[in-house]
Amino acid sequence: MSGEWETVVGLEVHCELRTRTKLFCACPNVFGEEPNTNVCPVCLGLPGSLPVLNEEAVELAMRIGAALHAEVRPSSFYRKNYFYPDMPKDYQISQYDEPINVGGHLDLPDGSRVGIVRAHLEEDTGKTAHLGETGRIHAADYSLVDYNRSGVPLVEIVSEPDIRSAAQARAYAAELRAVLVATGASDGKMEEGSMRVDANVSVRRAGAELGTRCEIKNLNSLRSLARAVEHEAARQVALLEAGGVVVQETRHWDEQAGRTISMRSKEEAFDYRYFPEPDLVPLAPDEAWRQRAAAAVGRLPAERRRGLAGLVGEPTPAQVDQVQAVVDLGLDELVVAAVSAGAPATLALARAANELAADLEAALALDPGSFAALVVLEARGELTATQSKAVLAELVAAGGGDPVSIAAARGFESLSDEFLRDVVGQLIEANPGEWGRFCEGEDKLAGFFTGQVMKATGGKADGKAVAAELRRRRN
Amino acid sequence: MSAAAAAGAAAPSAAAIAAAVRSGERTAGGVLDASLAAIAAGDGEVHAFLHVASDAARADAEAVDAAVTAGRDPGPLAGVPVALKDNLCTRGVPTTCASKILDGWVPPYDATVVERLRAAGAVVVGKTNMDEFAMGSSTENSAVGPTRHPKDRTRVPGGSSGGSAAAVAAGFVPVGLGSDTGGSVRQPAALCGTVGLKPTYGVVSRYGLVAFASSLDQIGPMTTTVADAALVLEVIAGHDRRDSTSLAEPPPPAGRSLDRGVEGLRIGLCRELVDGTAPDVAARVREAVEALAAAGATVEEVSVPEMRYGLSAYYLIAPAEASSNLARYDGVRYGLRVDAPDVASMNTATRTAGFGPEVKRRIMLGTYALSAGYYDAYYGKAQRVRTLMIEAFARAYATVDVLVGATAPTTAFPLGERVDDPMAMYMSDVCTIPSNLAGHPAISVPFGSGADGLPVGVQVLAPALGEERMFQVAAAVERAAAERRGTAGAGEAGA
Ligand SMILES: [Zn+2]
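Below, the structure written as C-alpha cells:
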C-alpha cells in the first residue's frame, strides 16, 4: 500500500427550471402555494391523463447545454418505474439513453475543469411529510403528500468523477449555480430546493483504480455538500484502513449529526424497468431553435470574471477573491460602468466587494455614474475611507445622487493637519494610562484613540492620518 | 319489449335519428326516453351497462332540444344516444374500468371524445361493461360480472368492449364507443353483429381514455351501419393538443366515398386472416370477397406471413406498457385502499384485493418483460417484430388497396368456455392484433352468420390514414350482406 488517500467525487445536480408552467401540464410553476392547490389531472397522474411537453423547458435545457459546452442531440423520454407515494403515476418521466445534452465541461475559478457527462430533462416528484411525535419516517403516525411540486421541470446535470476534494465539490456547485442563474434557467435557490445535489464519493490511493462509491442524498446547501463529502471520505478511509470494505450504497446526510447514514444497498436497489415513454414523441429541436437557445444564454461567470480581472491588470490574491465576490453578487456591470466613467478599478472593485452586499437589491439598482463619482472623490483624498463608505450607503439608499453635495451636507470637508494634531494631543492628555500602554507596544490601543478622535470630530477625521499622527508621537 | 325484440334490424341509425331531431320531427328527449326504456326492459339480462347516467343524459337531451327550438343546429349527432365504454373518463359520472380498484372513482374531467360527442349533439346515456382495464376478449374479466350476448344469453359478446357492442346489438343505443388495443372494438362487434372500427393510431385523441397499452390503444365506434361509423369518426377524429401522439394532419375524410362502389379497386384476400379460422367464418369471408369481385373489384390472395408473430409480440408489448400504466393504482390518491401498517404493505394489499386475476397475470408478464437483463430479449425484440410487421404490410399494400379477412376466428363462444385457458382466450384476437401493432385502421362489418346462427364479421384493413378507401370497401361489404339477407333469408348454411 502506498501513496496518500485521494477523494474522488462526481456530482449529480437537480436544477428546477424557471418555466412559467410545469413540464407536462399547464399548472403554474410556482413555489410556496397551499398544499395540493396547484395541481391538475395530468400532474396528479389521474387515469386517462396524458403529458404534453413544455417547449419552454426544452429551450432552457438547451441553454444549460450551451452554457456547459455540451452537444444538444435529438432525444427521447423514458419511464423510470418505481413505487413511491409522492410520485403520482408511480413512474417518473425522464430521459435515459438519449439525453438532450451530452458531454461538456465546467471551468472553476481556480482554473480546474470538471467534465460533464450529460444534462437531461425530467419531472420532479411531490413532497411527503411524515407526521407524528418524532417527525421521523420510521416513527411517523401518518404521512401527507403535497403534489404541488409534481411535474415541475428539472434538468439533472451529471458530472464526471473529476472532483478531488470537498472544497472543489463546493466550488463546482457554486460555479454551476452561477452558470444556471446566468442562463436564466434557474433561480439557484438551494434553500427552496431549486437546486439539489447528490454526491458520489469514493476514495483511493493516489493513482490506483477508482474505489467503490457511495451516493449521498439530501445535500441542500453548499455547506452541507462540503461537510458531507469531507465526512464520507473520512468514513471510507477509516473503514479501509481498519481492513474493511466500502459497500456500494445510498447514504443520507444527517446535517445535525454531521454524518452519513445508510439508506439502501445496491442489492436493495430498484430495477427501474426503463422503457420508452409511449405517450410522448421523440424530441428533435431543429438547428434554428438550438441556435436561438444558445444565443439567449447571458454572459457566463467565468467570462465576467475575466473581464473584471482584466480591469485590474494583475490582481492580487485578495483581488481575485473580490472579483469572484463581485461577479457572484452580480455587481460586475456596476464596477465596469464606474471604471469606464473614470473611477480607478482597484478602489471600485474593493468598495463593490466589501460595501454593497448588505442591501444587494438596492446596490444592483445604484446609478453607476454616482458610484464612479464617489470612488473618484475618495481616490483623490477628498473623502476619507470612512466618509466615503457613509456617502456610499446614502447613495445606495437613494439609488444614486451627487456624492459631493451629500458629503457637504454631512459636513465632510477634510480637517486641517493642525486641528487633527491638537485633537490627538488633547486626547493623550485626557487618557494617560492608555497612552502609556500604547507606547509600551500595545498596538491595539490605536483603535481606541482613533475611535476617540472620530467621536470628537464627528467622523470627519481621516483614519489613516490619525494612525500616522499616533505613530509620529510615539516615536 | 324484450331485449331480443329490441335487437331487431329496425332500430334507427344514428344518421336517421340526428336527421329527425335536427328537423324537429323527433325530440332528443323522446329519443332518450325510448333508449332508457329499452335499457330498462332488456339490460337486466344482457348487463351491458355498469352505470346508466339518466340525469346527465336528460340534461344533454334538453340542451339539444333547446338548441333546435332556438333555431340553432345541435350538430351532426343531434339527440343520438351514445354508450361509452367504462374506461372513458366522464366528469361527474363514475369511471371504473370494471375494476374493484377504481370502485367509486368519479373523474373531474371529460375525455376529449366525450367533449366532441357532446359538442356534436350526442346524448351520453351511460357507461358500459368491459373486461377489467380492457384486458380480455369476452367481457368475462369484469369485476362486476359478465355481459351476455344479446342474441344468445349463454354466449359471450366478445370483448373487451363487450358492453358497448351488446348495447348497440340489443338496440339500446345506436352508437357505442369502445377502445381497441388488440381488437377490443372489432372482435366484440363481429361477435355481436355490429360494425366496429379501429382508426389509424393518432387519429382519435386518447386524452381521457384510461390507458391499457398506450402505443396500441385507440378509441373507435360501434354502430349498426358503416355510414354511422364514418359519421361518428368524423366527429371524434382530429388533432388534440392534450395528446402528443394525436396526429397533426387533418383526419382522413371518412365517409366521402361510401357510395362510390369498388369498381377497379384491388382487394387482397389475406391468407393469414382466413387460414385457421372456423370453416363457417372462412366461408363467409370468401363469399364477401366474391361479392366484391362481382361488384367490379379485382381480387387476389395475399400473404403477410409476419402476422404469425403478432400475437407473441403483442403479449410482450401490451403487458409491458400495462405494468407501468397500472402502477398508479396504489391506494394513495383515489379508488380502493386496503389499510396496512406501512405504505409498501398498503400498496400490496390494495393491489392484491383490487385487481382481478387476468390483470395481475399481465402486470406480472409485463414487469418480467421489462426487467433488467430481459428487456432486449423481450420488449426490444417485440418492438422489432412491430417494425417487421409494418414493412410486411407495406409490401402487401404495394399490390392491393385493402386487405380483407376474418375479424375473429369463431362466432360468439359459450360463457365460461375459455376463462380457464388464457391461450385460447388470447387466440380470439389473432386476426385483429396486426393492425394495432402497425397502427393501421381496420373495420369489422357484419356479413351473414355462422353454423350456429350467430353473426360473423368481415374485416377490412387499410394502410395508415387509409380510412376513406377502407370505408369505401366496408360499405360495399355491407351492401353485399344486405343483398344476401334478401335472397337467403334468415337461415344460414354452414361452411
Ligand atoms: Zn398540472
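These protein sequences, in sequence, are chains A and B. To convert, count from 1 in the first sequence and add 119; that's the numbering used here. To convert, count from 1 in the second sequence and add 14; that's the numbering used here. No residue lacks a Cβ here, since even glycine has one placed at the ideal position from N, Cα and C. In this text, all values refer to a predicted model and were calculated from it rather than measured experimentally.
Nearest neighbour of residue i, chosen from the options [CA to CA]
i      : options                        : result
B:R285 : B:T259, B:E304, B:A302, B:E314 : B:E314
A:Y391 : A:E351, A:G432, A:Q211, A:A293 : A:Q211
B:G43  : B:A34, B:R72, B:S37, B:A55     : B:R72
A:E294 : A:L250, A:E422, A:L485         : A:E422
A:L466 : A:T140, A:G570, A:K508         : A:K508
A:H224 : A:C144, A:A412, A:L142, A:L130 : A:L130
A:A586 : A:V543, A:A549, A:K574, A:K579 : A:V543
B:G419 : B:N450, B:E301, B:A52, B:G430  : B:E301
A:R232 : A:T247, A:H239, A:V274, A:E279 : A:E279
B:G173 : B:Q201, B:R162, B:F147, B:T237 : B:Q201
Residues bridged to residue i [DSSP beta-bridge criterion]
i      : result
A:Q211 : A:K199
B:G471 : B:P460
A:C333 : A:V320, A:E368
A:L402 : A:S194
A:T140 : A:P147
B:E320 : B:E320 pairs with nothing; no bridge assigned.
Cutoff 7 Å; reference residue i; Cβ partners in own chain excluding five residues on either side
i      : result
B:E497 : none
B:Y221 : A125, T126, D254, R256, D257
A:K583 : none
B:V187 : S49, P95, V96, A97, V139, A181
A:W124 : V322, R324, V356
B:T142 : A62, F63, L64, A97, L98, K99, D100, G177, S178, A181, G190
Other residues of its chain near residue i: CB distance less than 6 Å, five sequence neighbours each side excluded
i      : result
B:G89  : A134, G135
A:V442 : R424, L427, A428
B:A67  : V107, G140
B:E481 : P266, A268, P455
B:E277 : G310
A:R592 : none
B:L279 : A311, D415
Residue i: CB within 7 Å of a non-hydrogen atom of ligand 1
i      : result
A:V264 : no
A:G270 : yes
A:K141 : yes
B:C103 : no
A:V171 : no
A:V149 : no
B:C206 : no
A:V158 : yes
A:V161 : yes
A:C333 : no
A:C134 : no
A:C146 : yes
Residue i: first and last residue of the uninterrupted alpha helix (DSSP H) it sits in
i      : result
A:Q438 : 436–448
A:P522 : 522–528
B:S49  : 42–60
B:L205 : 200–206
A:S489 : 487–498
B:P293 : 293–308
B:W119 : B:W119 -> no alpha helix (DSSP H), and no H or E assigned at all.
A:T576 : 564–576
B:A438 : 436–441
B:F407 : 395–411
B:S326 : 324–339
B:L131 : 126–133
Boundaries (first-last residue) of the beta strand (DSSP E) holding residue i
i      : result
B:N143 : Unbroken run through B:N143: none, as it is neither H nor E.
B:C284 : 280–284
B:C103 : Neither: B:C103 is in no beta strand (DSSP E) and is coded neither H nor E.
A:C134 : 124–135
B:P235 : 233–237
B:A420 : 416–420
A:S381 : 378–384
B:V444 : Looking at the DSSP string, B:V444 is not in any beta strand (DSSP E), and its letter there is neither H nor E.
Residues that residue i contacts on chain D, provided the C-beta gap is smaller than 7 Å
i      : result
B:N361 : The structure shown has no chain D; the protein chains it does contain are A and B.
Same chain only: Cβ atoms within 8 Å of residue i, ignoring 5 sequence neighbours per side
i      : result
A:V523 : A492, L496
A:K336 : D317, T369, R370, H371, W372, M382
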